[in-house]
Amino acid sequence: MNEWMNGRMMNDKHLLFAYSHIRTFTIRYSPFAIRLLPLVFLAVFFFYPLLAIFRLSLAPQGHLDLAAPAKLVSTTYYARTLWFTTWQATVSTLLTVILAMPGAYIFARYRFPGKSLLQALTTVPFVMPTIVVAAAFNALLGPRSHLNLALMALFGLQRPPINLQHTIWIILLAHVFYNYTVVLRIVGGFWANLNPRLEEAARLLGADSWRAFWQVTLPLLAPALVAAALLVFIFCFTSFGVVLILGGPRFATLEVEIYRQTVHLFNLPLAATLSLAQITLTLAMTSVYTRLQARTARPLQLRPQQTTQRWPTTWRDRALVGGNVVFMVVLLLTPLLALAERSLWTGRGYALTNYSELFVNRRGSVFFVPPVEAVRNSLAFAALTVGLALVLGVIGAYLLADRKSRLSRWLDPIFMLPLGTSAVTLGFGYIIALDRPPLNLRTSPLLIPIAHTLVAFPFVVRAVLPVLRGIHPHLRESASVLGASPARVWREIDLPIVSRALLVGAVFAFTISMGEFGATSLIARPQMPTMPIAIYRFLGQPGALNYGQALAMSTLLMLVCAMGFLSIERFRYGEVGEF
Amino acid sequence: MPILEIHHLTKSYGDERFPDDISFTVNEGEIVCLLGPSGCGKTTLLRIIAGLETADAGQVLFAGRDVRDVPVHHRNFGLMFQDYALFPHKNVFENVAFGLRMMHLPRTEVETRVREVLELVGLSGFEERDVNLLSGGEQQRVALARSLAPRPRLLMLDEPLGSLDRTLRERLMNELRAILKGVGVTAIYVTHDQEEAFTVADRVVIMNHGRKVQEGTPQDVYQNPATEFVARFLGLTNLLPGKVVGVGKGHAEVETEIGRLEISNLGIGNWELGVEATVLIRPEAAGVITESPLADDNAIVGTLVERSFRGGYYRLVIRHASGLHLSFTVQAISESLPPLGASICLSLRSEAISLLPRVQN
Chain A
0 MNEWMNGRMM NDKHLLFAYS HIRTFTIRYS PFAIRLLPLV FLAVFFFYPL LAIFRLSLAP
60 QGHLDLAAPA KLVSTTYYAR TLWFTTWQAT VSTLLTVILA MPGAYIFARY RFPGKSLLQA
120 LTTVPFVMPT IVVAAAFNAL LGPRSHLNLA LMALFGLQRP PINLQHTIWI ILLAHVFYNY
180 TVVLRIVGGF WANLNPRLEE AARLLGADSW RAFWQVTLPL LAPALVAAAL LVFIFCFTSF
240 GVVLILGGPR FATLEVEIYR QTVHLFNLPL AATLSLAQIT LTLAMTSVYT RLQARTARPL
300 QLRPQQTTQR WPTTWRDRAL VGGNVVFMVV LLLTPLLALA ERSLWTGRGY ALTNYSELFV
360 NRRGSVFFVP PVEAVRNSLA FAALTVGLAL VLGVIGAYLL ADRKSRLSRW LDPIFMLPLG
420 TSAVTLGFGY IIALDRPPLN LRTSPLLIPI AHTLVAFPFV VRAVLPVLRG IHPHLRESAS
480 VLGASPARVW REIDLPIVSR ALLVGAVFAF TISMGEFGAT SLIARPQMPT MPIAIYRFLG
540 QPGALNYGQA LAMSTLLMLV CAMGFLSIER FRYGEVGEF
Chain B
0 MPILEIHHLT KSYGDERFPD DISFTVNEGE IVCLLGPSGC GKTTLLRIIA GLETADAGQV
60 LFAGRDVRDV PVHHRNFGLM FQDYALFPHK NVFENVAFGL RMMHLPRTEV ETRVREVLEL
120 VGLSGFEERD VNLLSGGEQQ RVALARSLAP RPRLLMLDEP LGSLDRTLRE RLMNELRAIL
180 KGVGVTAIYV THDQEEAFTV ADRVVIMNHG RKVQEGTPQD VYQNPATEFV ARFLGLTNLL
240 PGKVVGVGKG HAEVETEIGR LEISNLGIGN WELGVEATVL IRPEAAGVIT ESPLADDNAI
300 VGTLVERSFR GGYYRLVIRH ASGLHLSFTV QAISESLPPL GASICLSLRS EAISLLPRVQ
360 N
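As structure tokens, then:
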């Protein structure tokens, strides 16, 4: 995500040297077929389904037929969907930026106790599956939440006073919750390295602090700010789980509409057209984002953070830091804590009933099997995803590490494409492309880990690539001179150095697979649900027990993802990770 | 009449205090140099005067008024940072014009003034240039122009030549003084380089570990370093312990491990018989003598261990029989110097030897 921040600080000459060697290394010693693997995988499981979407949208009967696109334009409903998708994304982005800027400032300019812990915690929401976030907000503010129950008891009300369920407010709130850390990390990280002397110079030249901010700091932050805002906008534009579950039937983004057209109405040509519109828009935005990243020509006199940060000393400093810390904790942690707390609630007291129920197969249950099967499925899919994503990701990273080759310059954006494509679109593509010969995987349980791998692949590449590029060529040369064969060099030098990055990539792949909802919701077989699918079904059922089980399973998923994320933070090499 | 008065400024960082009870004054139009090793609290002192940091104790008076409650942007003090802090998103003109725009001057006036200061620093015609593409020396001039443009009442320069290479630095030192004096601005100049301080300053304040150790004109300070630290910091390294064995009017005699020395530069101290002191022998004190030395000649004999030709003079290092190394600069011709490793006899001029208080450990 912030590749452009780290990339800038690297020593170009040194890197150039490193690439030249990697080039000879990879080109000379790795068999051609192995290098083709990621490309073949992308071609079959990404471009082929994409192509199927094109075909179904523009030529459902084999010849050009623009009925579906025409319907898109002729009916105001779809224009309204696009309009809603756009404005809710805009408002969510503005809200997120406005609320996160003070936080970015205190992270950039102050040192305070517990800062690194808070920094890690603020990122936890970002890695939460949408289904967990939806359940968490439901647990915190929903009609059955303790907040509402307490208020009802206190004032003798008949109905819950806080009624955000199925309103735009809960959607906006969830989007801010999700993306706060994007602005915090990108803008705050950039800001922390910005030379504070610049603002001081402006102050000495007679600018008050507000003017110094507008005239000097803000223009310098602009690239980071715009990049962060654009990224948040893309995330909100393609928002699925949040809108589907928290928004209810009244609200639909393009993403939700694709899902409904496919699953409920079975209007595949229309769903394909919507997907096409969605792909076009997100790819356009992603390319603007990458271009912004590349526009780093302005040398910014970046400074190491130790020299730019201070302890809060005056009461104003302390109020600013304290206020923001409280805000972050309330916004980002209370929903998750409420989820855990509510999952233990049985109506009379705290117990593990909701958890133990997961192991029971009741009559009339939404499952043909005990819900714990979903946990087993998720774990199995995640394990497969980790294996696949690591193999493909490492090969992909080696291909990209050679920056001198023309191939790698082409491959870099192509490898990132799955990031810019929505999961629902991907799942939809699988449904229409991979259900008939030559490739009939519709009934294969492998389809799910394959979809997850596609989502996880770019993350593994980004985790491994910088470390790979950072290996000093002298290390490999020394090993060769000392008599190691190429394979031995890889085992003795590359592997140990890259291993921590591999671990990071593996954890990424694992958490992504565990929480993936968009694609899975379309391709999962009814008798083989994953945890997010099970939660979604529980949430859709009436009764306290179903609700309790949804929260219990969400809590388990939350713990898995939080632990995964915190271990990534531990294993990461300083600030080397590229996102 | 001092325009700036610093009274007992102190700022604590944990157990350490930088600066520690510093007081000095600056007269209108004067250039005062804060000279000291890096980390001695000079920069913090500047930042306190500028209002970027607050002192724990002490006062800053400007034109007789305490500036404590005047916010940074109302002080009209200039500060030139060591890294210049040029705004990377603005060109040369916009950088220099920034302070003038903050004063809400009309556009034409801003343009005139910018042109004027750019000419002053020798950068006419650089208005549209990208500051990121300028050389180090040019950036330094832009920073100076930007600081001077709003006609600051006090200009502070924090190691302004610190990031430039040696030859450029030597050229700019003289030029900088000429510009500052030409404008007549009151200035505080921070550096750790003694040569730079002596070239630019009217007066120097020498600091060590947050404290002021000496203050005076460059000549004063060099002639009469107050402590061993000052002497060493100014490059005077021939320091040896001695005991006063004879005192007369304006001269004294000390017993040292290289023999008895006659001193006729007593400086500020009051010396009594039997006092332990540190003897400072200036490098220019020595002359080579070829005939056999007389006992009362302030003569020393040693082995020549280093000899380097420096253009106008030779630099010699001799090792005395006691094991002590002393270095001197002598005007000599090559033929009059013995070869390395041979014995050499030097006579020391009594007015180039002085006494410093012995540091008590």
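Chains A and B, in that order, give the protein sequences.
So the first sequence is numbered by numbering that gives the first Met the number 0: it starts at 0 and just counts up by one.
So the second sequence is numbered by numbering that gives the first Met the number 0: it starts at 0 and just counts up by one.
Beta carbons are placed, not taken as given, at the ideal position from N, Cα and C, and that holds for glycine.
Interface with chain A (9 angstroms Cβ-Cβ cutoff): B:P1 is excluded. Rounded to whole angstroms, the separation of the alpha carbons of A:S479 and A:P485 is 7 angstroms. CA-CA distance, A:V385 to B:R168, rounds to 59 angstroms. Per the Cβ contact rule, the stretch 273–283 of chain B is in contact with the stretch 232–249 of chain B (3 or more Cβ pairs under 8 angstroms). In the structure shown, the three-state DSSP call for A:R290 is helix. CA-CA distance, A:S274 to A:Q308, rounds to 46 angstroms. Judged by DSSP in its simplified three-state form, B:P356 adopts strand.
Listed in chain order, the positions of the stretch 202–223 of chain A with a beta carbon within less than 9 angstroms of a beta carbon of chain B are R202, L203, L204, G205, A206, D207, S208, R210, A211, Q214, V215, P218, L219, A221.
In the structure shown, B:K41 adopts helical secondary structure according to DSSP, grouped into three states.
Following the DSSP letters along the chain, one finds B:S342 inside the beta strand (DSSP E) bounded by residues 342–347.
For the stretch 179–199 of chain A, the beta-carbon criterion of a distance under 7 angstroms to any beta-carbon of chain B is satisfied by N194, R196, L197, E199. DSSP lists B:L345 as the bridge partner or partners of B:I299.
Counting along the chain, B:V184 sits inside no alpha helix (DSSP H), nor does DSSP assign it H or E at all. Here DSSP, grouped into helix, strand and coil, assigns A:D401 to coil. Its Cα nearest to that of B:L265, the residue B:G249 stands out among B:G249, B:A54, B:D68. Here DSSP, grouped into helix, strand and coil, assigns B:N207 to strand. Counting only residues of its own chain and dropping the five nearest sequence neighbours on each side, A:L406 has a CB closer than 8 angstroms to the CB of L398.
Taking 9 angstroms as the cut-off, the beta carbon of B:S333 is found no closer than this to the beta carbon of B:L315. When only Cα atoms are considered, A:R341 and A:Q548 end up about 10 angstroms apart. When DSSP reads this structure, A:W344 sits in a beta bridge with A:Y349. Pairing A:A450 with A:A505 gives a Cβ-Cβ distance that is not under 9 angstroms. For the C-beta of B:H250, not a single chain A residue is nearer than 9 angstroms; the gap to the nearest is close to 52 angstroms. For a cut-off of 8 angstroms, the C-beta gap from A:L243 to A:V255 is around 5 angstroms, short enough to register as a contact. The way I'd put it, the stretch 314–327 of chain A doesn't touch the stretch 202–220 of chain A; fewer than three beta-carbon pairs between them come closer than 8 angstroms. One Cα belongs to A:I534, the other to A:A135, and the distance between them is close to 12 angstroms. In the structure shown, A:D411 falls within a helical segment according to DSSP collapsed to helix, strand and coil. Counting along the chain, the unbroken alpha helix (DSSP H) around B:R231 starts and ends at 227–232.
Within the same chain, Cβ atoms closer than 7 angstroms to the Cβ of A:V497 are found at V463, V466, L467, the five residues on either side in sequence being excluded. Judged by DSSP secondary structure, B:R259 falls within the beta strand (DSSP E) whose first and last residues are 258–262. Pairing B:Q222 with B:S162 gives a Cβ-Cβ distance that is not under 9 angstroms.
The closest CA to that of B:F232, considering only B:E214, B:A251, B:N207, B:G245, is found on B:N207. Listed in chain order, the non-local C-beta contacts of B:T289 below 8 angstroms within the same chain comprise S335, C344, local neighbours out to five positions each way being set aside. Nearest C-alpha to A:V454 among A:R499, A:V503, A:R435, A:I511: A:I511. Counting C-beta pairs with one atom in each stretch, the stretch 142–152 of chain B and the stretch 176–189 of chain B have three or more that are closer than 8 angstroms, which means they touch.
Looking at the DSSP output, B:V253 shares a beta bridge with B:V243, B:L260. CA-to-CA, the gap between A:T80 and A:T166 works out to about 16 angstroms.
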